[in-house]
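Scroll down for the structure; my scribbles are underneath it.
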Amino acid sequence: MDMEALKRRLLEVLATRGGSAGNQALRNDLGVADGTYTALVDLLVREGRIVRGRGRGGSVRLVEPAAAAGAPEAKPEATRSAGEQPKPQPKPGPARPHAPAEAEPAQLTWITNFIWGIADDVLRDLYVRGKYRDVILPMTVIRRLDAVLEPTKEAVLEMKRRLDEVGLVHQETALCQAAGQAFYNTSPFTLRDLRARGSRQQLEADFRAYLDGFSPNVQEILDNFEFRNQIPRLSKADALGSLIEKFLDPSINLSPEPVRNADGSVRLSGLDNHAMGTIFEELVRRFNEENNEEAGEHWTPRDAVRLMARLIFLPVADKIESGTYLLYDGACGTGGMLTVAEETLRRLATERGKQVVTHLYGQEINAETYAICKADMLLKGEGEEADHIVGGPEHSTLSNDAFPSMEFDFMLSNPPYGKSWKGDLERLGGKSGIRDPRFIVQHRGEELSFVTRSSDGQMLFLANMVSKMKHGTALGSRIAEVHNGSSLFTGDAGQGESNIRRWIIENDWLEAIVALPLNMFYNTGIATYIWVLTNRKPAHRRGRVQLIDATGWYTPLRKNLGKKNCELSEADIERICEVFLGFEETEQSKIFPNAAFGYWKVTVERPLRLKGIDPERAYTAAEIRKLRETSKRAGDAPPVIRKIHKAGTAPDPLRGLFEVTIRGRPRVVQYEPDTELRDTEQIPFLECPRCQEPGYLPSEADTAEAIAAFLRREVLPYAPDAWYDPGKVKIGYEISFNRYFYKPKALRSLVEIRADLLAVEREAEGLLAEILGKR
18 MDMEALKRRL
28 LEVLATRGGS
38 AGNQALRNDL
48 GVADGTYTAL
58 VDLLVREGRI
68 VRGRGRGGSV
78 RLVEPAAAAG
88 APEAKPEATR
98 SAGEQPKPQP
108 KPGPARPHAP
118 AEAEPAQLTW
128 ITNFIWGIAD
138 DVLRDLYVRG
148 KYRDVILPMT
158 VIRRLDAVLE
168 PTKEAVLEMK
178 RRLDEVGLVH
188 QETALCQAAG
198 QAFYNTSPFT
208 LRDLRARGSR
218 QQLEADFRAY
228 LDGFSPNVQE
238 ILDNFEFRNQ
248 IPRLSKADAL
258 GSLIEKFLDP
268 SINLSPEPVR
278 NADGSVRLSG
288 LDNHAMGTIF
298 EELVRRFNEE
308 NNEEAGEHWT
318 PRDAVRLMAR
328 LIFLPVADKI
338 ESGTYLLYDG
348 ACGTGGMLTV
358 AEETLRRLAT
368 ERGKQVVTHL
378 YGQEINAETY
388 AICKADMLLK
398 GEGEEADHIV
408 GGPEHSTLSN
418 DAFPSMEFDF
428 MLSNPPYGKS
438 WKGDLERLGG
448 KSGIRDPRFI
458 VQHRGEELSF
468 VTRSSDGQML
478 FLANMVSKMK
488 HGTALGSRIA
498 EVHNGSSLFT
508 GDAGQGESNI
518 RRWIIENDWL
528 EAIVALPLNM
538 FYNTGIATYI
548 WVLTNRKPAH
558 RRGRVQLIDA
568 TGWYTPLRKN
578 LGKKNCELSE
588 ADIERICEVF
598 LGFEETEQSK
608 IFPNAAFGYW
618 KVTVERPLRL
628 KGIDPERAYT
638 AAEIRKLRET
648 SKRAGDAPPV
658 IRKIHKAGTA
668 PDPLRGLFEV
678 TIRGRPRVVQ
688 YEPDTELRDT
698 EQIPFLECPR
708 CQEPGYLPSE
718 ADTAEAIAAF
728 LRREVLPYAP
738 DAWYDPGKVK
748 IGYEISFNRY
758 FYKPKALRSL
768 VEIRADLLAV
778 EREAEGLLAE
788 ILGKR
């Protein structure tokens with residue numbers, strides 16, 4: 018029974034039952050599976066012909082004819098905004114002539130629900146729920162490709178025969194031309210041909226032959242899905258035939274061509290590439306939410322993606338010209354970020370009368386998610402874009418960059434957090450042997466290494482993107498990347514993470530960081546942040562960084578999805594973007610000069626003081642080692658001299674050159690440092706007055722002056738014999754949101770505390786009196 022027949026049957030049953038009935042009773046009367054029934058009810062509810070009722074097990078009822086006719090209801094007073102008047106309803110006009118049917122949202126929902134229900138109908142006793150996707154996703158791809166190729170099947174077979182006759186080896190281009198697509202199938206079968214197989218062994222053999230006939234780009238998708246591994250299980254359970262039958266059900270149409278009735282009218286409209294891509298993405302989303310314990314590994318919530326896309330496009334929306342733009346994601350997962358970014362760019366360009374061409378590039382190490390991404394591109398008719406997606410276990414972005422010489426206009430990504438990259442590091446040559454120009458750079462006269470801890474390589478994905486910025490165009494490049502909190506402060510001065518932050522900030526590429534609400538992602542409740550970068554800052558942003566605290570701007574979910582209990586509504590996204598574009602100091606928006614995040618890490622030394630030594634002679638390294646073992650340390654003992662400088666050397670106590678009297682003559686000496694008294698000071702760049710200016714970076718003279726002023730103020734009053742070694746000073750960068758946005762909870766007043774204590778005392782006395790009174 019097809020979709021229309023099921024709809025009519027359900028409405029008839031409801032009418033005979035007085036207009037309402039329980040879900041279980043209706044399901045039994047119709048004799049359909051749970052998934053099919055749910056899809057049917059969803060469709061009729063959207064059409065406004067039934068509504069859901071309440072009660073145990075749930076129910077549905079018919080809508081009154083007047084309501085079902087589609088007349089819009091007046092907005093309830095309780096929900097109408099202040100000052101808003103009821104909108105006048107348009108008068109019904111003349112009926113429009115019948116136009117070719119297009120895929121409506123209700124139809125897309127119906128098809129998605131139908132495919133979702135196939136899993137319950139065919140796979141329930143064969144797979145656990147978390148493994149349904151291993152069959153349903155590749156079968157959806159196969160059925161769509163089969164439907165698209167059906168009209169040109171004979172032409173492809175004829176072309177294949179002719180090419181084989183002349184012995185042509187490289188046949189892909191000619192076969193794609195014959196198919197009229199970026200893919201083809203040279204097997205003698207279509208899925209419809211496989212329905213009539215008499216035995217499951219024959220069906221399995223022919224189905225394998227059918228799969229083997231696909232073009233190499235489809236083969237790669239099937240291999241990464243590992244779909245052929247599922248065939249023996251499906252065949253053994255005699256479920257392969259049922260699975261194919263379900264996908265060929267006349268209730269749904271996955272073909273781009275409409276299904277017509279005998280009189281030529283459209284019974285089921287065709288699905289264009291965008292509609293098919295929408296269905297596929299919705300299936301991916303549902304499976305990811307179903308498996309929420311692992312969804313965050315490869316799927317970023319769409320609300321976060323929409324925010325990221327707007328953060329990179331809105332600032333330059335009015336500067337976008339007609340032309341070609343390249344988009345890139347170095348950890349593209351299922352391709353959702355690229356898709357949303359592309360849609361956002363095209364919409365903004367269209368609104369401004371511009372025509373843009375986009376090319377999507379991505380790299381993904383996980384085989385299954387790579388297959389999903391590439392399949393999604395093919396289903397949308399973007400065969401060329403699918404060839405720009407590179408992936409599989411051998412294609413790690415860190416150790417095997419797929420696009421080493423390319424630069425991109427817009428980049429966005431959600432790299433893995435806390436994931437070891439030790440294997441990549443070894444393939445790159447190890448910490449001492451790495452020479453990849455993405456991770457070893459020259460900056461302000463020194464070599465910076467971006468090699469981070471092997472336990473977490475997330476910041477290297479950001480460095481990879483920055484290395485792909487365009488520097489020769491008017492718009493340059495814009496980047497949005499999601500990181501967890503460790504990206505803000507992990508890594509000591511001179512270490513990889515700190516060096517990456519330094520490189521980005523000192524080049525004035527960091528535009529803003531947005532703190533997202535907690536519990537935004539599926540498998541973690543940790544704090545997350547969007548880094549926004551550009552190498553074309555507008556004049557009013559140059560030399561400055563904006564920090565936005567959006568942790569309080571969210572909408573609670575009615576039902577948790579794993580650990581995700583909130584989302585960014587359209588209003589929340591608009592609010593964040595308004596604050597970002599406004600670039601003003603508010604309670605949730607702080608603006609700092611670049612230097613506010615930099616600091617010098619200074620090692621402060623104190624002299625080694627030992628009893629029983631000669632305070633007027635220098636000791637060799639060997640002698641000092643022996644003294645450490647045999648002499649006692651004491652704060653009032655003389656310091657150990659390790660070097661006496663030549664006469665005329667200028668003293669500089671802050672740098673360890675002390676003036677003393679030796680045998681009646683003034684000399685400059687260096688003391689042996691006491692490792693047990695060694696300490697470090699983190700001196701902020703803002704100790705340098707000029708660093709308050711946007712974009713200013715301290716010079717060597719500024720550095721010496723700022724360190725000296727800090728030590729004289731904070732160290733020497735408590736340790737007059739302290740000094741530092743200028744050669745060991747390291748530069749670090751860290752960003753502390755808590756320092757700028759933390760709001761300590763106000764302490765209660767003494768009056769309130771005293772009142773509470775007196776109340777507890779009176780209560781205790783009352784209880785005691787009650788106990789003694791009973792005795």
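In the numbering used here, the protein residues as written are 18 to 792. The beta carbon of each residue, even a glycine, is placed where N, CA and C say it ideally should be.
What separation, rounded to the nearest whole angstrom, lies between the Cα atoms of residue i and residue j?
i: Leu-166; j: Arg-461; result: 58 Å
i: Ala-191; j: Glu-171; result: 14 Å
i: Leu-220; j: Val-276; result: 27 Å
i: Tyr-571; j: Val-596; result: 15 Å
i: Tyr-345; j: Leu-377; result: 6 Å
i: Gly-230; j: Asp-181; result: 14 Å
i: Arg-302; j: Tyr-750; result: 38 Å
i: Pro-332; j: Leu-598; result: 7 Å
i: Leu-775; j: Pro-761; result: 27 Å
i: Ser-466; j: Ser-515; result: 10 Å
i: His-500; j: Arg-592; result: 21 Å
i: Arg-519; j: Leu-251; result: 55 Å
i: Arg-730; j: Trp-617; result: 16 Å
i: Leu-324; j: Tyr-546; result: 12 Å
i: Leu-79; j: Asp-59; result: 13 Å
i: Pro-168; j: Leu-239; result: 23 Å
Applying the 10 Å Cβ sphere with the 16-neighbour rule, what's the burial state of residue i?
i: Ala-772; result: exposed
i: Ser-766; result: exposed
i: Asp-426; result: buried
i: Gly-100; result: Since pLDDT at Gly-100 reaches only 36, below the 50 mark, its modelled position is unreliable, and no value is offered.
i: Pro-656; result: buried
i: Glu-717; result: exposed
i: Asn-246; result: exposed
i: Ile-770; result: exposed
Which two residues bound the contiguous beta strand (DSSP E) that contains residue i?
i: Pro-610; result: 606 to 610
i: Glu-381; result: 373 to 381
i: Gln-41; result: Careful: Gln-41 lies outside any beta strand (DSSP E), inside the alpha helix (DSSP H) at 40 to 47.
i: Ala-1; result: The chain is shown from 18 up to 792; residue 1 falls before or after that span and cannot be answered.
i: Ile-658; result: 658 to 661
i: Phe-675; result: 675 to 679
If you measure between the beta carbons of residue i and residue j, is that distance less than 8 Å?
i: Glu-624; j: Glu-689; result: One point to set straight first is that residue 624 is Pro, not Glu, in the sequence displayed. Yes.
i: Glu-584; j: Leu-574; result: yes
i: Gly-712; j: Gly-615; result: no
i: Arg-160; j: Phe-297; result: no
i: Asn-270; j: Gly-287; result: yes
i: Leu-12; j: Ala-654; result: In this structure the chain extends from 18 to 792, so residue 12 is not present and cannot be described.
i: Arg-66; j: Leu-23; result: no
i: Arg-805; j: Ser-484; result: The chain is shown from 18 up to 792; residue 805 falls before or after that span and cannot be answered.
i: Phe-330; j: Thr-361; result: yes
i: Gly-294; j: Asp-163; result: no
i: Leu-343; j: Phe-200; result: no
i: Asn-241; j: Glu-385; result: yes
i: Leu-671; j: Ala-726; result: no
i: Ala-497; j: Leu-429; result: yes
i: Gly-502; j: Asp-473; result: no
i: Glu-274; j: Arg-212; result: no
i: Ile-748; j: Ala-723; result: no
i: Thr-414; j: Gly-352; result: no
i: Leu-535; j: Thr-568; result: yes
Let me check one thing: in DSSP terms, what residues is residue i bridge-paired to?
i: Ala-529; result: Val-549, Gln-563
i: Ser-472; result: Answer is none; Ser-472 lacks a bridge partner.
i: Ile-460; result: The residue asked about is misnamed: residue 460 is His in this sequence, not Ile. Looking at the DSSP assignment, His-460 forms a beta bridge with Glu-463.
i: Met-428; result: Tyr-345, Ile-496
Could you confirm whether any beta carbon from chain C is found closer than 8 Å to the beta carbon of residue i?
i: Leu-154; result: Looking at the structure shown, chain C is missing, and only one protein chain is on hand.
Assuming residue i is part of the alpha helix (DSSP H), what are its boundary residues?
i: Arg-729; result: 717 to 731
i: Glu-693; result: Neither: Glu-693 is in no alpha helix (DSSP H) and is coded neither H nor E.
i: Lys-747; result: From DSSP, Lys-747 is part of no alpha helix (DSSP H) but of the beta strand (DSSP E) over 747 to 750.
i: Lys-618; result: Here Lys-618 belongs to no alpha helix (DSSP H); instead the beta strand (DSSP E) covers 615 to 622.
i: Asn-524; result: Careful: Asn-524 lies outside any alpha helix (DSSP H) and carries neither H nor E.
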